[in-house]
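Chains as they are written, first to last, in our numbering: chain E, 439 to 592; chain A, 439 to 592; chain W, 236 to 634; chain Y, 236 to 634. Working notes for the structure below.
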Amino acid sequence: SDFGRPATPDEIALWDIDVRPDGKGLPRGSGTVARGKQIFAENCAACHGDNGVGGIKDRLAGGQGTLASATPVKTVGSFWPYATTLFDYIHRAMPYQAPGSLSVDDTYAVAAYILSLNGILPAEGQLDNHSLPDIRMPNRDGFIPEPEFSGSRK
Amino acid sequence: SDFGRPATPDEIALWDIDVRPDGKGLPRGSGTVARGKQIFAENCAACHGDNGVGGIKDRLAGGQGTLASATPVKTVGSFWPYATTLFDYIHRAMPYQAPGSLSVDDTYAVAAYILSLNGILPAEGQLDNHSLPDIRMPNRDGFIPEPEFSGSRK
Amino acid sequence: TTTGIVGSAAAGSASAETLADVPAREPGADLGALSARSTYVQIGRIPEAGPGRRNVDPADAINSKAPLQKLVGAITPSDLHYERSHSGAPDLDPSKHRLLVHGMVRKQLVFSVEDLKAMPAISRMAFLECTGNGWENWKKADGNLTVQNTHGLVSTSEWTGVPLKFILGLVEKETAATWMLAEGGDAAGVARSIPLTPEIVDEAIIAYGQNGEPIRPAHGFPIRLILPGMEGNLNIKWLRRLKFGDQPWMTRWETARYTQLLANGKARQFQLRMETNSVITQPSGTMQIRPGYNRISGLAWSGHGRIARVEISTDGAKTWQDAQLNLPALPKAQTRFQMDWIWDGRPTKIVSRSTDDKGNVQPDRDSFIATMGTNALFHYNAQQTWSIDQAGGVQNVLS
Amino acid sequence: TTTGIVGSAAAGSASAETLADVPAREPGADLGALSARSTYVQIGRIPEAGPGRRNVDPADAINSKAPLQKLVGAITPSDLHYERSHSGAPDLDPSKHRLLVHGMVRKQLVFSVEDLKAMPAISRMAFLECTGNGWENWKKADGNLTVQNTHGLVSTSEWTGVPLKFILGLVEKETAATWMLAEGGDAAGVARSIPLTPEIVDEAIIAYGQNGEPIRPAHGFPIRLILPGMEGNLNIKWLRRLKFGDQPWMTRWETARYTQLLANGKARQFQLRMETNSVITQPSGTMQIRPGYNRISGLAWSGHGRIARVEISTDGAKTWQDAQLNLPALPKAQTRFQMDWIWDGRPTKIVSRSTDDKGNVQPDRDSFIATMGTNALFHYNAQQTWSIDQAGGVQNVLS
Ligand code: HEC
Ligand code: HEC
Ligand SMILES: [Ca+2]
Ligand SMILES: [Ca+2]
Ligand SMILES: [Ca+2]
Ligand SMILES: [Ca+2]
Ligand SMILES: [Ca+2]
Ligand SMILES: [Ca+2]
Ligand SMILES: [Co+2]
Ligand SMILES: [Co+2]
C-alpha cells in the first residue's frame, strides 16, 4: 500500500495494554493485598488519602448503598461494574504524574488492595490474571446499555 | 428609533471630507504653485523625491505617453482622470504620517504644485475650489467603466 | 455586569459625545505574520474543576469553558474552543507520533502523521460537546452564573482529516469486528469503546485540521478522532491507537465516568449521542438589559442532525414564538438563532427550545428531571431559563 | 523544500523507527484561557511590498499573505487571514468609534458599535480577496515562489454583522441614491464608491464578528464592510462613514489604483467582482513529491456564487479530470477540492480550472492575457500551472 507500514508483533505488544471484562489482554502476574497496601501508601495515598478516602483527588472506597440516594458516592466499590477496568485504568493512567511506572505485579497488588478497601477481597487476599476477571463487582448489574448502541454488543 | 441618534450638521461637516469630480465637497480656499513647491519640499519630498520623482514612495509626475507600452508609468499626470481626486486624496491621507495636518489653502497649493510638475498648471499658476474641477486631466478619457456596475452611473 | 444587548467583547459603553470627540485618524501597526486581537477585547475561557468548583488553581482544572456570551455566529475560534483534558495537554512531536491500527483486521498497520495527511481528506463543520456540559444546573441554579459557566463546554469547528472508512479499507477490517477501541497518547491514555454503527463508520474522521490550521495541542495535536454528534470524550485526542474487536472494553471512561446515574440507582451506559439542545447567549446570566427593543440571540445544536426550528418564550415557557435561524443550518453543527423582543420592563423569564430534523424536541426541565433524576451528572440538555428582574438583571434559574 | 504530499505545518518527516521509539506518555500543560499553537507548528503570513518585492522591512510592507500551502479545509484562522492595509492597522477604541450615515437619506444618523451589535444580525461564510492577488505572475513566473507568494491574498471567514439593508431602512435612503461612499477610520481614510445594485444591497454586511470573535484590528476592528464576492478593498475596514449619492466619487482607490490597464493604454474601471478562480495548494511551488500516489488538493472560489466544478489536468492542460469537491460548497466562499493522482515520475505540469454555478469558467493564461494584457496588475484569475521536474520538484510556471 502507499500508506503506512505493517506493525510487528513485538511493537504491538508494547502498546496493546487494554483489558476486557473477560480478562483478555491481562498480562501474566499477581500481587497480594498486603503488598498493595504498601504500594498504595508510597504511590497513591498522597492524592487518594489513606485507605483511599479523604484525599485531595477521587475517593476510591465506600459508598455502597448510596447510589439511589440524593447524594450518591460513586467509587470502585460502589459503582464500578468490572474489576478488569481497575487493573486497566491503574496500569494505563496511575500514578497520575508517572503512569506506567508500576510493575505488572505491583499493579495487581494495588488493585487487590483497593478491592480489599471495598470489602471485595479479604485482607489476606491476592489477585492474578486468572482470578481478576472472575471477581463479581457489587454493582455489576447496575448499568442499562443504551439500546441504540447495544446492537453490536455481545 | 431604538438605534443611533441624529447627526448634527456641525459634526457632519467635520467628517464630510469627500470631493466629487464636479467639485461638490471642495472646501473654500486657494493656493499657488509657488507656495505648493515650498510645502512639498517641507512635507512631501522626503518620501516622493524632489519634483515628485525618485523618492522612496510613489512617483507623482511624468509617464505621459507610456500607458500602452510594456512598462507603463502611472502617475497623477499620466493616469489620474480627475484633479478633484488629487485634492481629496492629499487632504484625507497625506502627509502619510500625519494626514489632516495641512491647511485647506496649503492643500490647494501642493495639489497645484503636483499638477505643475506634470505640465498641467504653469509655474505661476494657482488653484481654488472653483478652478480645480474645471481642470481637464490628460487621461480623462482613459477609463472604460464596467458595464455591470455602470447602470446607476450618471 | 455587562450590557446584555451588546453581549460583546468590546469594552465599555459609548463614550464619545459627538463626532468631534472621536480620536483623529492616525497610522497603525506594521503588517506582520499574525493578526493579534484588539487590546480592547477581553476574551478567554474559564478553567474549572467540576460543578460548583469554579475559581480553581489551573493545576486543578479539568476543563476550560468557552465564552459563549462573547461569541457571535457559529464557529468557535480554535484558541477559545472548550477543553476537557484528563492529564493536561501534551505537545506531541508529530514526527514521532504514530497511529497503530490492529486487532480484528487483516492488516495491522502503523501510520505516521505524514501518511495520514497524504490520504484523501474531508472537511466538515461539527460541534463538540463535553458530556458534562450543563452540569452546573442539575440540582440547583446559582444566580450568578454566566452562560459560559452553564453551557461553555460546547464549540463548533471545521474539522479536516481522513474518513475512518478509508482506514478501514486499508487495514481490511474483519466483518465480525463491531467495536473499536480508540486510545489517546496523553498520560491518562484515555480510551473509549466505539460501536461501529453505519452512521459512525460513515461520519468518523481522523482529524489533523481545525478551522483550517493544525489542531492545537489542547484539542489533540497532531491527530484526534472526530465523531460528529457523539459525546466529547469519544472524540479521542492525541489519538495513537485504534483496535478492533467484537465487544466493548468497558474502560473507566465508559463505566465509572460518562454513565448517567438515574434516581433508582441504575446508570445509563453508552448514551453516546449528544441530545437536541439550545441556549440563549444574549441576553444571558449576569447581563443587564433595558426596557424596549432587545435582540435575543443564541445557539442550538443536535447530535441527531440539523436544527430545524428554535422557539423562544419571553413569558417563562407559557407562549412560544419561532426564532429566525441563520442559514444554512448544517448537520451536527451549532446554528445561530435570533428574535426581536420588546421588553415591557416587567420581571419575566426567557427560554429557548430547539427541534432537530429528526423531530427531537429539547425537553423542559421538569420532564427531563422526571426521566433522568438529578444525579446523572452528564448529558444535561434541558431548556435553559434566564430570569429578568425589574432592574433588567439577567439570572440563571432552573425554570 | 517541504514534502509536497504532506503540505502541512507539522515539521519534518517521520523519525520514530518502531513504536518503541515513540516517546512515553506524560502529563501535559495545565488548562488555560487560550489554547496555544503547537511549538512544532511553524505557520505565519509573509509581509510583502508588491510584485517581486518580497523580503521587505515590515515598515514597508503593504500586504501580508496567508500560508495557503499549510492550510486545510476552507476556513482561514483569523490571525492568518491575509492583510492589505494602506496605513498600518490602527487598534481603535470601540467605545469612541462611530458610524456616520448621511447624504441622500431622510435621517442622517450616528451609530455606536453597541448600537450595531444590538441590531438583527446575519452570519455567513465568504471569501475576501485582494484585487492584487496573483499579481506575481502577470509578466513572468519566478520558479521559487510558493502558493503563499502567488495566491496568498485570499481567505475565507464566517462574518457576522448587520445587513446593510437594515441600516438603509433606519436612515430611509432616498430612491435616487444609487451609490454609497464607504470610508475607513485608518490614517489613509480609504474610501470607495459602491454601486447599490440589488445584489450588493441584499448581501452587504456591516460586520463586527469574524470566525465567531470580534474582528481583529488588522481586519477592521471594531467594524468593517463585507461585500461578498467583491474586490477586497471595497470591504472597507475600520468603517466610520457611509454617504449616499447619485454618482461615484472617483476616489484615488477607484481611479489611480484598482483599475486595470489594458494593452491599449485604456483602463477598466469598477471591475468590482472577483472572478472565478482556483489554485492547487498541495503540491505547490517549492514542494517535493515522490512517484506513485499523490493527493492533489486546492481551493476554488468565485465572486459570482457557488463553485460547481473543478477540473484538474496532470498533463499540462491537455486532458482534464473532475476533482472531488468538499460539500456543501457555499456561495462566494472558498471550496476545497481534491483528486487522487499516480505520478509516473516523468516531468509534467499540473493545473486546476474552476467553474461556478453561473457557468463562468476560469480562463487559461493565454486567453486571459489576450484580453487583459500584462499591465493590468489587478484581477488576475488565470489558471495556475505548477511544473514538476524529474526529481519531483514543484515550480511556479506561467503555463
Ligand atoms: C498526583 C495525584 C495522584 C496520584 C499520586 C495517584 N492518583 Fe489516582 N487519580 C488522580 C486523579 C486526578 C484522578 C482522576 C483522573 C480523571 O478523572 O481523569 C485519579 C483517579 C484514580 C482512579 C479512578 C477513580 C474513579 O472513580 O474514577 C483510581 C482507581 C486511581 N486513581 C488509583 C490510583 C492508584 C492505584 C494510585 C497509585 C498507584 C494513584 N491513583 C495515584 C490523582 C492521583
Ligand atoms: C512618510 C512618507 C510620505 C510622505 C511624507 C508623504 N507621502 Fe505621499 N505617499 C506615501 C505613500 C506610502 C503613498 C502610497 C500609499 C498607498 O498606496 O496606500 C503615497 C501616495 C501619495 C499619492 C498618490 C500616488 C498615486 O499615484 O497613487 C500622492 C498624490 C501623494 N502621496 C502626495 C503627497 C503629498 C502632497 C505629500 C505632502 C503633503 C506627501 N504625499 C507626503 C508616503 C508619503
Ligand atoms: Ca494485551
Ligand atoms: Ca464636504
Ligand atoms: Ca507604523
Ligand atoms: Ca468530553
Ligand atoms: Ca501539568
Ligand atoms: Ca484589498
Ligand atoms: Co466530558
Ligand atoms: Co487589493
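No residue lacks a Cβ here, since even glycine has one placed at the ideal position from N, Cα and C. Please read these numbers as outputs of a predicted model, since none were measured by experiment.
DSSP beta-bridge partners of residue i
i, result
"residue 572 of chain W", "W/533, W/560"
"residue 445 of chain W", "W/394, W/448"
"residue 476 of chain W", "W/335, W/418"
"residue 578 of chain Y", "Y/527"
"residue 528 of chain E", "In DSSP, residue 528 of chain E forms no bridge with anything."
"residue 362 of chain W", "W/391"
"residue 489 of chain A", "According to DSSP, residue 489 of chain A bridges with nothing at all."
"residue 205 of chain W", "Here chain W comprises residues numbered 236 to 634, so residue 205 of chain W is not present and cannot be evaluated."
"residue 318 of chain W", "W/299"
Separation of residue j from residue i, as counted between CA atoms
i, j, result
"residue 337 of chain Y", "residue 477 of chain Y", "6 Å"
"residue 447 of chain E", "residue 406 of chain W", "15 Å"
"residue 614 of chain Y", "residue 368 of chain Y", "7 Å"
"residue 556 of chain A", "residue 529 of chain W", "58 Å"
"residue 571 of chain W", "residue 502 of chain E", "45 Å"
"residue 560 of chain A", "residue 539 of chain A", "26 Å"
"residue 334 of chain Y", "residue 346 of chain Y", "5 Å"
"residue 564 of chain E", "residue 279 of chain W", "50 Å"
"residue 531 of chain E", "residue 466 of chain Y", "54 Å"
"residue 240 of chain W", "residue 573 of chain W", "For residue 240 of chain W, the predicted structure reports a pLDDT of 34, less than 50, and the residue's modelled location is therefore unreliable. A value from the coordinates is still provided. The alpha-carbon atoms of residue 240 of chain W and residue 573 of chain W are separated by roughly 12 Å."
"residue 263 of chain Y", "residue 490 of chain A", "60 Å"
"residue 355 of chain Y", "residue 628 of chain W", "22 Å"
"residue 545 of chain A", "residue 472 of chain A", "13 Å"
"residue 498 of chain W", "residue 607 of chain W", "7 Å"
"residue 443 of chain Y", "residue 253 of chain W", "22 Å"
Distance CB(residue i)-CB(residue j) smaller than 9 Å
i, j, result
"residue 461 of chain E", "residue 543 of chain E", "no"
"residue 378 of chain W", "residue 631 of chain W", "yes"
"residue 582 of chain A", "residue 549 of chain A", "no"
"residue 514 of chain W", "residue 316 of chain W", "no"
"residue 455 of chain Y", "residue 419 of chain Y", "yes"
"residue 611 of chain W", "residue 503 of chain W", "yes"
"residue 534 of chain E", "residue 299 of chain W", "no"
"residue 584 of chain Y", "residue 540 of chain Y", "no"
"residue 409 of chain Y", "residue 446 of chain Y", "no"
"residue 488 of chain Y", "residue 426 of chain Y", "yes"
Delimiting residues of the beta strand (DSSP E) encompassing residue i
i, result
"residue 516 of chain Y", "512-517"
"residue 300 of chain Y", "298-300"
"residue 581 of chain A", "581-583"
"residue 566 of chain E", "564-566"
Endpoints, the alpha helix (DSSP H) within which residue i is located
i, result
"residue 602 of chain Y", "600-607"
"residue 383 of chain W", "382-386"
"residue 554 of chain A", "542-555"
"residue 352 of chain W", "348-353"
"residue 635 of chain Y", "This structure cannot settle anything about residue 635 of chain Y, because the visible part of chain Y is limited to 236 through 634."
"residue 437 of chain W", "433-438"
CB contact check: residue i to chain D, cutoff 9 Å
i, result
"residue 299 of chain Y", "Any reference to chain D falls outside this structure, whose protein chains are E, A, W and Y."
Could you list the residues in the segment 367-385 of chain Y with a C-beta less than 7 Å from some C-beta on chain W, going in chain order?
-> none
| message | To be precise: take each residue of the segment 463-495 of chain W, compare its Cβ to all Cβ atoms of chain E, and keep it if any distance is under 8 Å. Which residues remain? | response | 475, 476, 478, 480, 481, 482, 483, 484, 485, 486, 487, 490, 491, 494
field: Within 9 Å of chain W by C-beta, residues of the segment 450-461 of chain A in sequence order
entry: 450, 452, 453
(message) Under 7 Å, CB to CB, which of the residues in the segment 523-551 of chain Y have a partner in chain E?
(response) 527, 528
At a Cβ cut of 8 Å, what residues of the segment 247-265 of chain W count as close to chain Y, listed as they run along the chain?
247, 248, 249, 250, 251, 254, 256, 257, 258, 260, 261, 262, 263, 264, 265
Self-check item: the segment 306-326 of chain W: positions lying closer than 8 Å to chain Y by Cβ
Solution: 306, 307, 308, 309, 310, 311, 312, 313, 314, 315, 316, 318, 320, 322, 323, 324, 325, 326
Practice prompt. Mind checking the segment 350-366 of chain Y against chain A and listing, in chain order, the residues whose C-beta falls within less than 9 Å of any C-beta there?
Written response: 350, 351, 353, 354
Of the residues that make up the segment 520-534 of chain E, which ones have a beta carbon closer than 8 Å to any beta carbon in chain Y? 534
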